[in-house]
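Heads up, the sequence shown is in full-length UniProt numbering, so the first residue is 5 and it goes up one at a time. Since the structure comes first, as structure tokens, the remarks are kept for the end.
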Amino acid sequence: SSNQMWGGRFAAGPDAIMEAINASIGFDKRLAAQDIAGSRAHAAMLATQGIVSDNDAEAIREGLLTVLSEIEGGTFEFSTALEDIHMNVEARLKEIIGEPAGRLHTGRSRNDQVATDFKLWVRDQIDAAVSGLEALQRALLTQAEVGADWVMPGFTHLQTAQPVTWGHHMMAYVEMFGRDASRLADARARMNECPLGAAALAGTSFPIDREATARDLGFDRPAANSLDAVSDRDFALEFLGVASICAMHLSRMAEELVIWSSAQFRFVTLSDRFSTGSSIMPQKKNPDAAELIRAKIGRIFGANVALMMVMKGLPLAYSKDMQEDKEQVFDAADNLMLALAAMEGMVRDMAANRAALHAAAGSGFSTATDLADWLVRVLNMPFREAHHVTGSLVALAESRGCDLPDLSLEDMQGVHGAITADVFGVLGVENSVASRVSYGGTAPEQVRAQVARWKERLG
Ligand code: ARG
């Protein structure tokens, strides 16, 4: 039989394959709550504007609540023949309230309807992601506070560079996740314009009030151009772009946790709750959550590229290609939320091994820069010469199989006669980090200042 929404022009119903390729209900049922909120706002506005009667609007608005409760209660029967969530909801509304249901679609189209629903959904995800990021930041802050003065190696090229503190390293991630949250907030502000009332593409001849529906749905204003409003998926792409950057941060941190939890590093012990064992090797405790965060991030990047590809060749206005926006965004959002929650759990539960961090901090000649700086400061050596002298001392220590503080004063004076015993005062890793007092530096007092600033920001 032909379609009840547009059967007037059709003699035959669709082929089964047509129905299969066309239907989106399998995934866009996730927009049910947003669809019903949008329709309720639209119906209220139609009544206020005198386009439908108050009685009809009231029946529509009540009926939609019934539909919502059926969907939430799991009793709603979704139909593939009805294609998508919009037509499933409207068809059920008709079964419940009869004739007035047919008046709901006055002055709108599925094109503005789906853009509105999807924006509302993405907006909710942004709010959830910001909360997830803040929870993760709090977990990092707690780690940073406990270990504000715990010394560990800082790396460049994954080679020992200079000692830093555990708290400083944790706070680096707090900054990154803070920027992610602020990018999400920017994207939210930019997308918060309501497409509803753009209708199919050209607007409508009915005297609708777009300001009213925009306000009702929590938008800042109606989208200004009806063609743009139904053609645009920037909001979804921007979410995916911002999510990708955030995911990249999560993946880097996951990579560090994988490295740090290895027997060779032992910087952290992950909790049993966020680890798995091996079915054959009894000693194993694997950082699977971190590995899966690292891996799932690929899906978020993939979604971003996939939707870019969908959009890049589309003429204005709506094309059915755009229906492919939703699965990408749903999957990316689901995995972002899961990755945020898993990372928060791992960070909250993990124990940094202070002794292992400290032992590693001192190896690899990590205070060589402090030694060179001392030669400049105390002996007034040009830095380039100090660099050279220190390099010779490192080579000497390396040949002895010891670290810089283990060299004797005689050894040092053999390289440069003016060196005095005072030099040992800067060679300890504690001295090294304590001296990095520049703003944003690794000195414990600077780290505590970072923690205090963020605690205030997060409230
Ligand atoms: N299911 C469609 C989508 O997700 C809804 C919009 C359909 N509009 C249309 N003119 N066929 O994009």
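Glycine included, every Cβ here is placed at the ideal spot set by N, Cα and C. Quick caveat: nothing in here was measured; it's all calculated off a predicted structure.
8 Å CB neighbourhood of V451 in its chain, flanking five on each side removed: A148, A152, D153, T169, G171, H172 and M175
Proximity of V382 and D426 at Cβ, strictly below 9 Å: yes
Contact belief for P104 with A63 at Cβ below 8 Å, rounded distance in angstroms: Right, the Cβ-Cβ distance comes to about 5 Å (below 8 Å), so this counts as a contact.
Residue interval of the alpha helix (DSSP H) (run including A45): Per DSSP, A45 belongs to the alpha helix (DSSP H) from A36 to T52.
Buried versus exposed call for residue 2 [16 or more other C-beta atoms within 10 Å across all chains shown]: Residue coverage of the chain in this structure runs from 5 to 463, which leaves residue 2 outside it and unanswerable.
Cβ-Cβ distance between K330 and R34 below 9 Å: yes
Close Cβ partners of R13 (< 7 Å) along its chain, the five nearest in sequence each way excluded: none
Cβ pair F278, D353 closer than 9 Å: Between F278 and D353, the C-beta spacing is below 9 Å.
Closest by C-alpha distance to G54, when choosing among P211, S28 and M385: P211
Contact under 9 Å by Cβ, L411 with E138: With a cutoff of 9 Å on beta-carbon distance, L411 and E138 are scored as not near each other.
Nearest to S265 (by Cα), restricted to the options I284, G281, A233 and P291: P291
Cβ shell of E23 (< 7 Å), same chain only, five flanking positions each side left out: Closer than 7 Å at the Cβ level, and outside the excluded window around E23, lie T84 and A85.
Validate contact between the stretch 105-121 and the stretch 24-43 using beta carbons, cut 8 Å, 3 pairs: yes
Spatial distance of N384 from Y443 (CA atoms): 25 Å
Check whether residue 468 and D415 have beta carbons under 9 Å apart: This structure does not reach residue 468, given that the chain is present from 5 up to 463, and the question cannot be answered.
Assigned secondary structure, E197 (DSSP; H/G/I helix, E/B strand, else coil): strand
The ligand FAD heavy atom lying under 8 Å from the CB of A206: What this structure holds is the ligand ARG, not the ligand FAD.
N384 in three-state terms, based on DSSP: coil
Start and end residues, beta strand (DSSP E) containing M156: V155 to T160
Span of the beta strand (DSSP E), counted from its first residue to its last, around T164: Q163 to T169
For K300, the first and last residue of its enclosing alpha helix (DSSP H): D292 to M315
CA-to-CA distance, P157 to A165, given in whole angstroms: 7 Å
Classification of D128 by the beta-carbon crowding that lies within 10 angstroms, buried from 16 upward: With fewer than 16 other Cβ atoms within 10 Å, it is exposed.
The stretch 343-363 in contact with the stretch 372-382 per 3-pair CB rule at 8 Å: Flag = no, the stretch 343-363 and the stretch 372-382 do not touch.
For P226: DSSP bridge partner residues: C198
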